[in-house]
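Scroll down for the structure; my scribbles are underneath it.
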Amino acid sequence: MTSPLLSRAEAAAYGPLPSPAPHTDAELAALLGLVASPGASISTVVVGHSRDAASRAAAAAFIEGWRALGRRPVLAVVDWPESAASWLRAAGRFTAGEPDAWVVAAAPLGWAQMSRRLRHSTGWDPARTYGFAALGDSRVPALAGPTTLQGMRGADADGGTWTVDRGWVVQLLTGPPAPPATTHRHGTL
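Residue numbering for the sequence shown follows this note's numbering, beginning at 79 and increasing consecutively.
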């Protein structure tokens, strides 16, 4: 069995990744909207975060917002370091409650490593996972590996949304489509 962990060379291949920025109100509202939408049928969540201040604050804000919506309590809050020997213990805690969804506020490299461990060692489903803006960067699924994050969704700092599709972060339309352009015909009838 091979290790799911990234080597130092693989981790460095995409250059330095940015640290998570503090979440915005629009980002939090969009993320809550994704997770709490009637079509999502989500009642139980587990929240995971890396140990930096911005990720901790974003996770706490999500939990507060979730509770304000009158939702069931969060099953667990799991944190993980940016670098670890395996992430196996955190992955086990993250998936133990078998929630309807997972919400992630994390630094990109730590989440890439954690998601690789989750896919390798648990029944975690990325299509039931929602992330804050720091994870909406195509370098994250590239680091995590083919299909590791397929279907994961999240919110941008401006309140837009994204999904991971075939290894790319794709921005989604977040409002009603723009009206078609009006065509003016000139001439006589």
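Just so you know, even glycine gets a beta-carbon here, dropped at the ideal spot from N, CA and C.
Please name the residue, chosen from the options, that lies closest to residue i on a Cα-to-Cα basis.
i	options	result
Gln191	Arg134, Gly223, Val181 and Val125	Gly223
Gly148	Ser121, Glu160 and Ala168	Ser121
Ala179	Val125, Asp243 and Gly238	Val125
His127	Arg86, Ala91 and Ser193	Ser193
Thr283	Gly188, Leu221 and Thr173	In the structure as shown, the chain begins at 79 and stops at 267. Residue 283 is therefore absent and cannot be evaluated.
In three-state DSSP terms, what is residue i?
i	result
Gln249	strand
Gly188	helix
Val152	coil
Trp240	strand
Ala162	coil
Ala183	strand
Grab the span of the beta strand (DSSP E) containing residue i for me, first residue to last.
i	result
Gly209	Thr207 to Gly209
Please list the terminal residues of the continuous alpha helix (DSSP H) segment that includes residue i.
i	result
Asp130	Premise fails: Asp130 is in no alpha helix (DSSP H) and is neither H nor E.
Asp103	Asp103 to Ala114
Gly232	Here Gly232 belongs to no alpha helix (DSSP H); instead the beta strand (DSSP E) covers Arg231 to Ala233.
Leu221	Arg217 to Ala222
Glu176	Here Glu176 belongs to no alpha helix (DSSP H), and DSSP marks it neither H nor E.
So, under 8 Å CB-CB, residue i and residue j are touching, yes? Tell me the CB distance rounded to an integer number of Å.
i	j	result
Ala99	Ala235	7 Å
Phe140	Ala183	7 Å
Ala169	Arg195	5 Å
Trp240	Gly214	4 Å
Gly237	Glu105	6 Å
Does the CB of residue i have a neighbour CB from chain D at under 8 Å?
i	result
Pro96	Looking at the structure shown, chain D is missing, and only one protein chain is on hand.
**Prompt:** Taking three-plus beta-carbon pairs below 8 Å as touching, is the stretch 202 to 213 in contact with the stretch 97 to 112?
**Reply:** yes
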